[in-house]
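Below is one structure, written out as structure tokens; the observations come after it.
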Amino acid sequence: MHDRDTVTTTRVSVDSAGLQATNSSTNPSLSSDGRYVAFQSDATNLVAGDNNGASDVFVHDRNTASTSRVSVDGGGQEVNSSSSYASISGDGTRVAFGSNASNLVPGDINGQRDVFVRDLSAGTTSRVNISSAGLQANNYSDAPAISADGRTVVFYSQASNLSPLANAGYYNVFARDLLLGVTSLISTDSERRIGASYSTSSPAVSADGTWVAFASDVSNWILQRGRNGPSQDVFLAQRLFQQQSTAVITADTPDPSVVGLAFPVVVSVTCPSAAPSDGQVRVQSSSGEFCIDSDGPVANAGAAEFSCVLTINSAGSRDLTAAFSLSQTHIDATSVIEFHSVQALPSLTIADVTQN
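Heads up: take any position in the sequence shown, counting from 1, add 133, and you land on this note's numbering.
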């Protein structure tokens with residue numbers, strides 16, 4: 134830690150007695166006033182009882198010279214795997230981090246790297262990379278950044294179930310509002326087109342949580358100045374604190390469908406005031422297939438109608454979920470529209486027409 138006023142440099146990866154760490158320490162994060170420094174370390178001597186043999190996240194208080202471990206469960210117990218990528222709030226009371234541990238919170242059964250927040254004032258640890266409905270992520274999440282006010286945590290994830298609009302298999306950037314308990318997809322263009330990129334990462338968030346920056350090599354977005362080439366760029370998205378959606382979604386599909394054969398899905402969206410005149414609908418199967426209609430709805434007797442064509446690649450039954458997004462001011466409205474059956478292709482019988 135370098136103090137530019139006093140032109141002094143001090144080491145903060147030490148234990149509470151000032152003894153130096155026995156292994157490497159990296160990735161520091163500072164509180165607004167510089168009092169608290171969060172970092173990750175492989176050292177085992179920064180706190181007593183560090184026996185998990187894994188990298189942990191710590192906070193050093195420069196005023197009291199004390200060091201405490203942050204990557205612990207709600208009872209303060211150490212966890213069973215590594216934790217890293219610390220990010221501390223402006224007042225030093227909340228620290229976000231990524232972890233491979235499965236015992237930071239009860240019921241962690243997804244077998245994935247997750248994102249957590251440790252509230253040092255309340256002594257609680259909570260998981261951040263969950264959907265607005267509380268579903269745990271079905272794929273990898275990491276690299277959190279917490280806003281200075283401690284309300285918003287941004288991170289990247291390959292999970293397809295954190296938002297109905299998430300592009301399955303690709304990396305997306307999400308924001309979790311800790312006050313409202315809402316998770317929203319950030320990495321879209323201004324028309325809410327979803328990025329198709331394997332390298333959307335490195336999110337950063339403004340002090341009040343309204344601006345999110347991230348890097349991506351996405352090439353399918355329509356931007357004000359255009360974009361050419363496959364190189365990675367840095368993007369800035371304005372995030373609005375979202376309200377609950379009041380839209381009601383219904384849909385009609387042929388059921389059953391046949392493996393590998395496209396079928397239409399017609400989605401009707403109504404709101405209390407009037408039918409929406411814009412927006413996007415995404416229909417997704419619980420097995421991962423999806424289709425999108427972002428061309429604008431067709432007005433129909435007080436409801437807006439969207440349609441897209443879906444193809445499912447394996448036989449069996451699964452949920453079909455429709456999500457309607459009108460703007461970033463409201464949480465996406467979602468509805469499980471159908472428990473859909475998919476039949477295998479009928480087998481062909483070839484008659485033997487040869488004659489003796």
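Using N, Cα and C, we set each Cβ at its ideal position, and we do this for glycine too. Bear in mind that the values here come from a model prediction, so they are computed numbers and not experimental data.
Q) What are the boundary residues of the beta strand (DSSP E) that includes Tyr218? A) 216-221
Q.
Taking a contact to mean a Cβ-Cβ separation below 8 Å, would you say Ser280 touches Asp224 in this structure?
A. no
(Q) On the CB-based measure, 16 or more other CB atoms within 10 Å of its CB, does Gly208 come out buried or exposed? (A) exposed
(Q) So Gly267 and Arg246 are supposed to be a Cβ contact under 8 Å. How far apart are they, rounded? (A) Actually they do not touch by this definition, with Cβ atoms about 19 Å apart.
(Q) Bridge partners for Arg251 per DSSP, in chain order? (A) Val228, Thr258
Q: Pick helix, strand or coil for Ser317, following the three-state DSSP scheme.
A: strand
Q) Three or more C-beta pairs closer than 8 Å, one from the stretch 235-255 and one from the stretch 271-285: is that the case here? A) yes
Q | Neighbourhood of Gln357 by C-beta distance below 7 Å, restricted to the same chain and skipping five residues each side | A | Confidence at Gln357 is low in this model, with a pLDDT of 49, below 50, so its placement is unreliable and no value can be given for it.
Q: Locate the beta strand (DSSP E) running through Gln413, then write down its first and last residues.
A: 413-418
Q.
Quick check on this structure: which residue in Ala234, Ser204, Asn213, Ser214 has the alpha carbon closest to the alpha carbon of Ser220?
A. Ser204
(Q) Suppose you measure from the CA of Tyr303 to the CA of Val469; what does that come to, to the nearest Å? (A) 23 Å
Q. Under the three-state reduction of DSSP, which class applies to Gly283: helix, strand or coil?
A. coil
**Q.** Extent of the continuous beta strand (DSSP E) run through Glu471
**A.** 466-476
**Q.** Under the three-state DSSP convention, the category Ser146 falls into
**A.** coil
Q: Could you check what DSSP says for Glu211 in three-state terms: helix, strand or coil?
A: strand
(Q) Taking 7 Å as the limit between beta carbons, can you name the residues of its chain near Gln371, skipping five residues before and five after? (A) Thr343, Trp344
(Q) If contact is defined by three or more beta carbon pairs under 8 Å, each pair taking one atom from either stretch, is the stretch 147-159 in contact with the stretch 168-187? (A) yes
Q. In chain order, what residues of the same chain lie with their CB nearer than 6 Å to the CB of Asn233, ignoring the 5 residues before and after it?
A. Ser214, Ser215, Arg246
Q | Neighbour-count burial assignment, Gln210, 16 or more Cβ in a 10 Å radius | A | exposed
Q | First through last residue of the beta strand (DSSP E) which encompasses Ile445 | A | First-last for Ile445: undefined, no H or E at that position.
Q) Taking the beta strand (DSSP E) that Ala301 falls in, what are its first and last residues? A) From DSSP, Ala301 is part of no beta strand (DSSP E); its letter is neither H nor E.
Q.
Relative to the C-alpha of Phe472, which candidate in Ala384, Ser450, Ser458 has its C-alpha closest?
A. Ser450
Q. Going by alpha carbons, who is nearest to Asp385 out of Pro239, Asp166, Asn185, Ser401?
A. Ser401
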